[in-house]
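Here the structure comes first, spelled out in structure tokens, and everything after it is commentary.
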Amino acid sequence: MGCYRDAVSLFRDIFASGVVIDNCTLSIAANSLARLHRVDLGFAILGSHLKLRLVTDVVFFNTLLKGLFLQGMVHDASWLFQKLLNEKLCELSEVTLLILIDGLCKARHIGKAIKLLHLFEEKGNCKPDVNAYNAIIDSLCKDKMMDDALALLTKMREKGIPPDVVSYNSLLHGLCTLSRWEEVNELLKIMVDSRIPLDVLTYSILVDGFCKEGWMNYAEKIIETMIQQGVDPNVVTYSALMDGYCIQGKIDSASEVLNTMIQRGCLPDVHTYGILINGYCKSGCSDKAMQLFEEIPSIGLKPTLVTYSSMLECLFQAGRCADAEKLFNKMVENQEYPDLVTYNIILDGFCKNDRVPQALSLLRMMEAKSPIPDIISYSTVINGLFKDGKSCSAIELFNALPSKGLQPNVITYRSMISGLCQEGLLEDAKGMLKKMEKNGVMPDSVAYNLLIRGLLKKNEHCDAILHLDEMLKLGFLPDDATCEILLKSILREGPESTLLHMLLNIKENDQKSRS
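In this text, residue positions in the sequence shown follow UniProt numbering: the first is 1, and each later residue adds one.
As structure tokens, this is what we get:
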């Protein structure tokens, strides 16, 4: 950013001194302003162009278009492009077309980008090149519109535009994400037949795809193959392999990959360390996770917000609240300021470690300052308050949600149903289920099971069976915990169990409705 500011400052000095400014200098100044998100001043440069009677070239307009997209001004960029087209202010180039198509794709206006591509395929002096097609293919793949992306690949070939490795990488990534492995094989065969060499990204995509499927042997073989082909695995490749092992709980294997990559001269980044830290955390090895976390600064890396958040969650899960608080303070000292996700992790950690008053204090601080709590924050504290025996405070907090501009979600309602049942407030718990439907939140299997268990525990068998019947009609099934309570109640009452007869009636009515 500093260099762009210096360039703008120098331009002002040149302009003020009266030195004649050429087209190239004006374009550089406009580009610097665009990078500083001051495209409005870029248009002021356009005024300077006109005042100096300079012919504005396509490079200058390309700079303005790029600047508008950088600032999210998609409508203005489209307007400028249309003006260039209608008034023939300059000769458009393939770069102009690419800037517009790429900008539209990144702004998720993919339909407009495709229309523009088709328009220039048929008309105009500048035709879409491979980069323009790649921008749309990549966008389609990211939106999981793989059939459309593959159709566009076919169209490219028909137009005589050979796809490159970038085209295939986007498609391979999309197909791997959707586990369409036969088509992955077909594309790889086409690449080989077309003599398009697989690059490090191609191999990394395959490694990542195989790891996500749990096919670690295939992933290892891919890495062996790429090394044989003279393509060195990079930090992305190794990180994907480590993540695969961590997902399977094979943390020692992931640690070996880290050592291997360092031995091969591939330096891990903070994301790589984050993967292994997260793996240790999920395996309950908080000491090893902390040890690795503390190594990060010693190799010249700085932990990110994500790394800190993972480590905080790990410490809370291990019941190490004091260490979590120390880490939080260290995080702020290092000017890595927590976001809402981090605060929600801390709220959850406090509540699960019987520190509900601290969670409530933190929530109040968030309300007064920032970040503003969301429904996850409130749901976490409501659940914590119930478990801490502070049902009145939990209900009060729930009732205050609309005044804060928030609507309870399914998690909030589950917490309320569970807490109200725990307190013996069964009518309120049943009312909560109705309130869910009224507010457009459909009760799920968990909500029904929580209510049914609560009713059974208080021997409200009739109500429990009514809600069980209702739940079954919605296609939900009782979970293991509910079945256990049902069986215990039936066994306790014996062969003449009222509960058993009610269940048999449900079964009989169900059979009649099906016949």
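We put the CB at the ideal spot given by N, CA and C, even for glycine.
Sub-8 Å separation of residue i and residue j beta-carbons
| i | j | result |
| --- | --- | --- |
| Ser339 | Pro297 | According to the sequence provided, residue 339 is Asp. The question's Ser does not apply to it. No. |
| Asn174 | Met146 | The sequence as given places Gly at residue 174; Asn does not occur at that position. Their beta carbons are under 8 Å apart, which means Gly174 touches Met146 by this criterion. |
| Leu241 | Ile262 | no |
| Ile345 | Leu312 | yes |
| Met432 | Met442 | no |
| Gly419 | Phe386 | yes |
| Ser310 | Gly284 | no |
| Val270 | Pro303 | yes |
| Ile452 | Leu468 | yes |
| Leu474 | Ala464 | no |
| Glu493 | Leu487 | no |
| Ile136 | Ile114 | yes |
| Leu198 | Val184 | no |
| Tyr280 | Thr237 | no |
| Leu327 | Tyr308 | yes |
| Ser379 | Ile411 | yes |
Own chain partners of residue i with C-beta closer than 6 Å, once the 5 adjacent residues on each side are dropped
| i | result |
| --- | --- |
| Asp138 | Ser170 |
| Met156 | Tyr133, Pro163 |
| Ala359 | Leu347, Phe350, Cys351, Val381, Gly384 |
| Ser253 | Tyr245 |
| Met1 | The predicted model places Met1 with a pLDDT of 46, which falls under 50 and marks its position as unreliable, so this point remains unresolved. |
Three-state secondary structure (DSSP) of residue i
| i | result |
| --- | --- |
| His118 | helix |
| Cys285 | coil |
| Gln335 | coil |
| Thr498 | helix |
| Arg453 | helix |
| Gln248 | coil |
| Gln291 | helix |
| Trp181 | helix |
| Ile372 | coil |
| His173 | helix |
| Ser361 | helix |
| residue 522 | Residue 522 lies beyond the range of the chain shown here (1 to 515); nothing can be said about it. |
| Ala394 | helix |
| Arg108 | coil |
| Val441 | coil |
| Pro402 | helix |
| Lys352 | helix |
| Ser93 | coil |
| Pro268 | coil |
| Asn125 | coil |
| residue 521 | Residue 521 cannot be examined here, being either before or after the span of the chain that is shown, 1 to 515. |
| Lys302 | coil |
| Ser64 | Note that residue 64 is Leu in the sequence shown here, rather than Ser. Residue state, collapsed to three classes: helix. |
| Glu186 | helix |
| Glu423 | coil |
| Gln407 | coil |
Exposure label - residue i; buried when at least 16 CB within 10 Å
| i | result |
| --- | --- |
| Cys462 | exposed |
| Met290 | buried |
| Leu267 | exposed |
| Tyr413 | buried |
| Tyr168 | buried |
| Thr225 | exposed |
| Val332 | exposed |
| Ile28 | buried |
| Arg195 | exposed |
| Glu384 | According to the sequence provided, residue 384 is Gly. The question's Glu does not apply to it. With 16 or more other Cβ atoms within 10 Å, it is buried. |
| Pro402 | exposed |
| Asp193 | exposed |
| Ile299 | exposed |
| Leu152 | buried |
| Met365 | exposed |
| Ile395 | buried |
| Ile227 | exposed |
| Ser179 | exposed |
| Thr482 | buried |
| Asp208 | buried |
Contacting residues, own chain, Cβ-Cβ under 7 Å from residue i (five flanking each side not counted)
| i | result |
| --- | --- |
| His501 | none |
| Asp243 | Cys211, Ile275 |
| Val306 | Gly274 |
Sequence-distant residues of the same chain with beta carbon closer than 8 Å to residue i, five excluded per side
| i | result |
| --- | --- |
| Glu121 | Lys127, Pro128, Lys159 |
| Asn62 | Ser93, Val95, Thr96, Ile99 |
| Ala77 | Leu65, Leu68, Phe69, Leu100, Gly103 |
| Val231 | Leu198, Asp199, Val200, Tyr203 |
Cβ of residue i within 8 Å of any chain D Cβ
| i | result |
| --- | --- |
| Val95 | In the structure shown, chain D cannot be found, because there is only a single protein chain. |
Only counting runs of 4 or more residues, tell me where the alpha helix (DSSP H) segments fall wholly within the UniProt repeat "PPR" (129-163), in order along the chain. Entirely contained in the UniProt repeat "PPR" (129-163), the alpha helix (DSSP H) runs reaching 4 residues are, in chain order, 130-142, 146-158.
Considering only residues of the segment 66-90, which uninterrupted alpha helix (DSSP H) runs meet the minimum length of 4 residues and lie entirely inside it, listed in chain order? You should have 74-87.
What runs of the alpha helix (DSSP H), each 4 residues or longer, lie entirely inside the segment 458-501? Counting only runs of 4+ residues, the alpha helix (DSSP H) found wholly inside the segment 458-501 occupies 461-473, 480-493, in chain order.
Runs of alpha helix (DSSP H) wholly within the segment 188-241 (minimum 4 residues, chain order): If we require 4 residues or more, the alpha helix (DSSP H) runs fully inside the segment 188-241 come out as 200-213, 216-228.
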